[in-house]
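If you count the sequence shown from 1, you need to add 322 to reach this note's numbering.
The C-beta atom is built at its ideal place from N, Cα and C for all residues, glycine as well.
For reference, the structure discussed in these notes is given below.
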Amino acid sequence: MDNGSGYDVYLGHWINWSRGPILGSTLTMTRTNGNLLIAFLAFFVAIVAARFWRIVCLLVHFRLSSDQPGDALYHQRQAVLRNASNPEEGFWTFLDLILAWRKSSRRAFIRLIPPLLLAAACMVIFTVAGGFSSMVQLSADDVGSEVLLTGRNCAHSILPKNMTSYDYEAIWYPYLAREHGGYSDYAQQCYNSKQGGAGILKCGTFVRQNIDFQTDYSAGCPFGGNLCKSNDSNIFIDTGYLDSHEHFGLNAPPDQRVLIRKTLHCAPLVTEGYKDTFNTTPSKSYTRYYYGQSRDFNFTTRELYLRNFTYKYSNDYRDRNQNLMASYNVGWHGSFKTKGNEILGSSFKPVPELDVPNANVYLVFLSANQVRFAQETHDPWYTATTLAGPRVNLNTDKSDLQVYWMDEPASPLGCTEMMQFCNPSLPGDSPNRCTPLAGSFDPDDITPLFTSPGSSPSAAELESNAARIKWVAEAVDGPSVSSLMMNLGAQSLTSRYSVRQGLQGPLPTNQWQRDVEHWMNSMLAGNQAMFVKTAAGPTEDSVKPFYAPTDTLTPTERNLCASQKILSTEYASFSVLGVVLTLVLGAVIIVLSMSLEGLLGCLSKRLYGELTYAQLEWCTNETLQLQRQVQEGLFGLGSWVGATNNVPRTKMSTQRLGVLDLADRGHPRWGRPESLEDQYGFGNDMKKEEKELTRYNTDEITMVGKVDSGLDLRRSFSRGSTMNSNTSKGWKV
């Protein structure tokens, strides 16, 4: 376990169900350890490349071996195949051979190009493999790896009854406002495709940077009658089915996931016939809007009561004195329903034409106050065509700017919000796969979706299903149009980004649709955050009393706490399958390369009773064996054993071999030692019995050379004549 970046990340092995139980086997570690693992794998692949090349060389060497007399190019090619330790060395040596023989042998290129291409192919393949070895690290583009939260501090809000009004007003509500401000900022920055996630916020924490949805900008009116200003230019947003795993990161196998769908249908409303003017004094008046009775609270009697109007706003906002601090005001009302019945929390009772069965209905009233518009605005929610007189321009030309008031004191926008839950493990045509679209849900209404018809689930299964549904429902039902309006108000409008010193810059005719899209973006960003924040737990000590203690969670809830995924650049997640395959396949190649020669030797002896010519040639072409043969060729220098082993050696460690004759430095040769004592290591420090054995063995020196098809030519030289007649002779390399 490790704590970093504000999140408690699980370090170790886990299953990422996005990739299945096998491919999803994942190992998470710190970024430092992850870099070490990547470096090790790259180094390991380089070793495997060298050992694979040795297998290729062995097979090609055997294939090209011939017991017929060969030219120098044949022997050089065989020697390179035997001794090139890696494909890079083989490539450059074969290239040198081609360049050296290009004028002397017409067929040099044809004979050397196949092994040259093999070396090049090995180089390319394993260079690419070395690069791809880093791909065992599972990452999402450049935003980091998927990691799992420990859920150690997991908690969900319970709003305990023992909290005072001060606790709510001074601690909880400001906290919610900050949270919703974060949702809005994230939506503005990270859901905006034009910005591409650039900005000061980290857009790479959630498993999805943003959640896409389908938008119909030419939707009909969501309400009855002639309540909408337009019947064919409204907005309808449909998220489609969002997967609790894929979209929100709640790691779970397919049969434990939940699908969520949200819709938002909005339209600017007409005001004619739904408003009047109410004078409080001869100089002060209000516009009242009648879209249903609103609920208000009587602080004297401490009771709720109904008013016969929905909303009112002062008509005295058109003060011609410029207010450089002017800003918008947003008021709202909501009617919430479940199973067609209005539930607690509704702030108004819609008129029949505004009432939509099973949907949450919202009214959002936009007031510009003293905000002036730089030009006429024909957006149906922001309509501003009333002249406000010139605005003093303080720029260098000192000219006045004609500005406009918003036409309506409080322009109404009506919306319906609905949700739907589905069980993705059921067939698409199953009647019990999804709930109906509705405004609000009781988790108990969703739980039956996850109970097979006719089955008798155990108490543990029922508890698990109920906990999972409640978990998802609380996360997706939290941020809503009502919570955005309640906590952000005018800060939820994107038009505010073009207001400066009380002057609204030019707005497009569909500005209201942009605002509604931003609301949906903010709600979805809030849904994403709710999943993560529940698993991570509250970070502010002041709000922890508003959350259920971690030790009160059920086993299912604890499991859900430890199932939340996020993205992190401070940790690295690796595919266990990828790492294991890399190591296992590499180990097989390494072991095979080191044992293949011996296995073929054993097989040959078992079948033929001796090593084949190709195997003997492979053995004698090895560097140390070539060195032995050179020394033996110098009048039989050295008494050697292990002529078919990897390492030949002289019988006596004191025996001296040939030295370079540098009489012609442009053509160096190997030469014999100048004296018998140098040759056989006679010296004062040599043991007497060792000297006697040496003198006895040197009475006759025999050099054996193989000529053509196995003819042995033995030359015997007497000790005296050999030493006297060949002392200064050298043998050309």
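Local Cβ density within 10 Å of residue i, reported as buried at 16 or more and exposed below that
i    : result
L903 : exposed
D837 : buried
D598 : exposed
W414 : exposed
V580 : buried
F763 : buried
Q937 : buried
K425 : exposed
A909 : exposed
S885 : buried
L784 : exposed
I435 : exposed
R376 : buried
M457 : exposed
R583 : buried
G993 : buried
S821 : Going by the sequence as given, residue 821 is Val instead of Ser. Buried, since its Cβ has 16 or more Cβ neighbours within 10 Å.
A985 : exposed
Under 8 Å between C-beta atoms of residue i and residue j
i     : j    : result
Y1092 : F687 : Beyond the ends of the chain as shown, which are 323 and 1055, falls residue 1092; an answer cannot be given.
T472  : V898 : no
L652  : A812 : According to the sequence shown, residue 652 is Val rather than Leu. Result yes, Cβ atoms of V652 and A812 sit closer than 8 Å.
V803  : I493 : no
N556  : A541 : yes
S917  : S467 : no
Y332  : L470 : yes
C588  : C737 : yes
N637  : Y627 : no
G571  : F853 : yes
G980  : Q953 : yes
D685  : A789 : A quick correction: the sequence has Leu, not Asp, at residue 685. Not closer than 8 Å, so no.
P590  : W703 : yes
I888  : T602 : no
For residue i, the first and last residue of its enclosing alpha helix (DSSP H)
i    : result
D638 : Where D638 is concerned, there is no enclosing alpha helix (DSSP H), given that its DSSP letter is neither H nor E.
H397 : A394 to N405
N651 : Where N651 is concerned, there is no enclosing alpha helix (DSSP H), although the beta strand (DSSP E) it sits in stretches over N651 to S657.
C941 : Y935 to T942
I360 : R353 to L386
F545 : Here F545 belongs to no alpha helix (DSSP H), and DSSP marks it neither H nor E.
Cβ-heavy atom distance, residue i to the ligand HEM, below 7 Å
i    : result
W841 : Because no ligand of any kind appears in the structure shown, any question about the ligand HEM cannot be addressed here.
CA-to-CA distance, residue j to residue i, given in whole angstroms
i     : j    : result
Q398  : Q459 : 43 Å
Y329  : L676 : 45 Å
S814  : A364 : 50 Å
Q400  : F384 : 9 Å
K671  : F545 : 15 Å
Q1056 : R694 : The structure shown does not extend to residue 1056, since the chain is modelled only from 323 through 1055, so no value can be given for it.
Q475  : A696 : A quick correction: the sequence has Asn, not Gln, at residue 475. Cα to Cα, the separation comes out at about 51 Å.
S566  : V901 : 29 Å
H655  : R617 : 9 Å
V794  : T593 : 39 Å
C444  : A361 : 20 Å
A451  : G920 : 28 Å
T707  : P830 : 14 Å
T623  : L666 : 19 Å
L419  : L982 : 25 Å
I911  : L498 : 60 Å
G595  : L549 : 10 Å
Proximal residues to residue i (C-beta, below 7 Å), its chain only, five neighbours per side dropped
i    : result
D560 : F535, Q536 and T585
Q835 : Y539 and I557
W339 : G346, H567, N573, A574 and P575
Residues of its chain near residue i, where Cβ-Cβ distance is below 8 Å and the 5 sequence neighbours each way are ignored
i    : result
F448 : V367, A368, V370, A371, F374 and P409
D577 : S747
Chain-order list of residues whose beta-carbon lies under 6 Å from that of residue i (same chain, five-residue window excluded)
i    : result
S668 : S657 and F658
G342 : none
R610 : D598, F600, F631 and K634
H569 : R530 and I533
N645 : Q692 and G824
Y513 : N532 and N843
R429 : none
Extent of the continuous beta strand (DSSP E) to which residue i belongs
i    : result
N843 : Taken as a continuous stretch (DSSP letters only), N843 belongs to no beta strand (DSSP E), being part of the alpha helix (DSSP H) at Q833 to A858.
F687 : N682 to S689
G993 : R991 to G993
F431 : Here F431 belongs to no beta strand (DSSP E); instead the alpha helix (DSSP H) covers A430 to F454.
W336 : G334 to I337
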